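Here the sequence shown is numbered in UniProt numbering, starting from 1 and rising by one per residue. Notes to accompany the following structure.
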Amino acid sequence: MQPATSTRRPLFAGLFRHARRLTSDGGKLSPTGRRRRTGSDPRAVVLSTLPAELWIKVFEHIPNYLLLSVTLTCRAFRALAQPLLFASISTHPEERKPSPGVLRVAGQTARYRKRVNERTAFFFSPQICHAVRVCRISLPLPEDECDGDDLVDHIFAMLPHLPNLRALECRHIRLTPLRLHVLRRLELPTMSFDLCFGNMADLAGMPSMPLREVTFKYSDASIAGQASPCPVFLSPDHLETLHATTTRVLDSLASSRVPFTRLRTLELPGECLASRHFIAALARCPEVENIALHATDYLPQANFTLPDGVLPHLRSYRGPHHFAAAFLRHRTAEKLEVSVPCRPASLESSLAKLYGQHDSLSGASNTLRSLSFPLTSADIPAPLLGTIHVAFPMLSALAIPDPALSSSEIKALLNAVPAHYALTDLTLRIQGRDKFNLWIPPAEAAADAASCFGKVRLSLVKTYPSIRHVRFLYGSEGASLHWERSQTSGLFVQVGQ
1 MQPATSTRRP LFAGLFRHAR RLTSDGGKLS PTGRRRRTGS DPRAVVLSTL PAELWIKVFE
61 HIPNYLLLSV TLTCRAFRAL AQPLLFASIS THPEERKPSP GVLRVAGQTA RYRKRVNERT
121 AFFFSPQICH AVRVCRISLP LPEDECDGDD LVDHIFAMLP HLPNLRALEC RHIRLTPLRL
181 HVLRRLELPT MSFDLCFGNM ADLAGMPSMP LREVTFKYSD ASIAGQASPC PVFLSPDHLE
241 TLHATTTRVL DSLASSRVPF TRLRTLELPG ECLASRHFIA ALARCPEVEN IALHATDYLP
301 QANFTLPDGV LPHLRSYRGP HHFAAAFLRH RTAEKLEVSV PCRPASLESS LAKLYGQHDS
361 LSGASNTLRS LSFPLTSADI PAPLLGTIHV AFPMLSALAI PDPALSSSEI KALLNAVPAH
421 YALTDLTLRI QGRDKFNLWI PPAEAAADAA SCFGKVRLSL VKTYPSIRHV RFLYGSEGAS
481 LHWERSQTSG LFVQVGQ
């Protein structure tokens, strides 16, 4: 019986007991991946086991809060799983809020500085540094407002001691020449900057860093009057993925002498549609395949149009449904993800522009493979789902994360629409007992979801004969159940949560 203070989780107890037998003799992992029983026992057998490399791949999919349980299973697992606990580190802990009436600037107290120094010494120690893959330097306040300049300089000086570092996230730090020199020496593929600024004289004329993925978390109001750091980190010859929440990035893209021919994924705020540099910036990114627009408080009119020669290889769009046709028309549209809940009638009007109801727009009925959208209504209208079935016969994946439906509503919906013979993946949200504002134990909520699947299974197979994967979302904490259908027997098996 486990002691009361044990951190093990019942969900993994059976797996760990079985894994202990497969991987260890007294907790020692077999170097050959096998364990042999020897001696006079006539039942001596040889057990094939998983090599250490595969166990590491398994552990990478376990949440961090459960990894401690893995390390306590046996000595073999402890050696394999412990480094994953420090794969992502943060040099600055979250600063506790001061008591009411106490005036104190976060980050200036000696106690907080001591905590940062202790964390840095631990993470950069020889025993830990090799495990670090992602490092986050996040000051609780902008560096101009807290006494942390020498502390941050010390952390930057220690970054080269992380030999396996792959990504760096910076927040509220100054981009000084010394720190930029350190970043250039690191040669990292991924960097993220959140409200990090520098002097115009320090950034002017500096060559861009060869980054493959860059994230800029700035608002236009925060960067107004500041030197834009974007040109320093955008390399036309290396950049593959760009995430930005500011329109200032458009200036850097549009003014580049060399096109960004490696850029494949572009994520921008919705305000970019109203910028005079937007089309020019997109024209410098001819190979972009995936574009996403953040939904913001301000969006331009839905009559935005994209010239035919811009983004000729675009395959995927994520954002408000109003602009889906503007980006995907006359292109081989394969994926459409609506990120903002919308009214069914408004969504149907936008989809009509994709499947060629309007003569001026070419249809995407034979190319769209994946469609996802949330609705603001209390149900999914059968005419809307029927239109999707008819308009997109090659659709293979459909996800409707909202609204939540009961088993009877799902059955009625599926029985009212024509069959779709190409769909293989379906995601729906089901309505549980939590709709009565009750807290339902996770095990009972999962059982309710499984019961709902049993009630609608026949209707699912009738409407979607080629269905292979079904996922039901439930609860307010993002829980889900996943079923997979065997291609030989046609039976569904629950494969995960």
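Note that the Cβ used here is the ideal one computed from N, Cα and C, for glycine as well. Please read all numbers here as calculations on a predicted model, not as lab measurements.
- In the three-state DSSP reduction, Val340 falls in the coil class, being neither helix nor strand.
- Under the DSSP assignment, Gly386 falls in the alpha helix (DSSP H) whose first and last residues are 382 to 391.
- Across the structure, His181 and Pro259 are spaced so that their CA atoms are roughly 25 Å apart.
- Looking only at Leu311, Phe304, Ser275, the smallest Cα-Cα distance to Ile291 is reached by Leu311.
- Just measuring C-alpha positions, the residue of Ser346, Leu68, Arg166, Cys74 sitting nearest Ser192 is Arg166.
- In the structure shown, the three-state DSSP call for Asp379 is coil.
- One Cα belongs to Leu175, the other to Val214, and the distance between them is close to 15 Å.
- Within the same chain, Cβ atoms closer than 8 Å to the Cβ of Leu328 are found at Leu314, Tyr317, Leu336, Leu354, Ala364, the five residues on either side in sequence being excluded.
- Residue nearest to Pro269 within the set Pro286, Thr305, Lys217 is Lys217 (criterion: CA-CA distance).
- Looking at Gly475, Leu162, Val461, Pro231, the one whose alpha-carbon comes closest to that of Trp483 is Val461.
- If you keep only unbroken alpha helix (DSSP H) runs of at least 4 residues inside the region 114 to 194, you get 149 to 158, 177 to 186.
- For the options Asp425, Thr427, Ala446, Thr424, the alpha carbon positioned closest to that of Arg433 is the one of Ala446.
- For the 7 Å CB-CB criterion, Leu151 and His172 do not form a contact.
- In summary, Ser235 is buried, with 16 or more beta-carbon neighbours lying within 10 Å of its beta-carbon over all protein chains present.
- One alpha carbon belongs to Arg136, the other to Ile155, and they sit about 11 Å apart.
- Residue range 265 to 269 is occupied by the beta strand (DSSP E) that includes Glu267.
- Closest by C-alpha distance to His420, out of Ile400, Ile410, Thr387, Ile440, is Thr387.
- 7 Å or more divides the Cβ of Thr296 from the Cβ of Glu334.
- Of the candidates Leu250, Ala345, Ser256, Leu250 places its Cα closest to the Cα of Ser275.
- Listed in chain order, the non-local C-beta contacts of Phe124 below 8 Å within the same chain comprise Met158, His161, Leu162, local neighbours out to five positions each way being set aside.
- For Lys217, the uninterrupted beta strand (DSSP E) segment begins and ends at 213 to 217.
- In this structure, the straight-line span from the alpha carbon of Ala404 to that of Leu72 is close to 39 Å.
- Tyr65 sits exposed, since fewer than 16 C-beta atoms from the chains shown fall within 10 Å of its C-beta.
- In this chain, Tyr421 is not harboured by any beta strand (DSSP E), its DSSP state being neither H nor E.
- CA-CA distance, Ile223 to Leu195, rounds to 8 Å.
- For Leu473, there is no enclosing alpha helix (DSSP H); the enclosing beta strand (DSSP E) covers residues 469 to 474.
- Within the model, the alpha-carbon separation for Ser255 versus Ala280 is close to 9 Å.
- In this structure, His238 places its C-beta atom within 7 Å of the C-beta atom of Pro210.
- The three-state secondary structure of Phe492, taken from DSSP, is strand.
- Contact check for Leu85 against Trp55 fails: the beta carbons are separated by 7 Å or more.
- Counting along the chain, Arg75 sits inside the alpha helix (DSSP H) bounded by residues 75 to 81.
- A residue is called buried once 16 or more other Cβ atoms fall within 10 Å of its Cβ, and His92 is buried on that count.
- Distance from Phe373 to Val417 at the Cβ level is roughly 16 Å; contact not present, criterion being Cβ atoms closer than 8 Å.
- About 13 Å separates the beta carbons of Leu375 and Leu398, which is beyond the 8 Å limit, so they are not a contact pair.
- DSSP places Thr463 in the helix class (H, G or I) of the three-state scheme.
- Within the same chain, and ignoring the five residues on either side of Pro341 in sequence, the residues whose Cβ sits closer than 7 Å to its Cβ are Pro374, Leu375, Thr376, Asp402.
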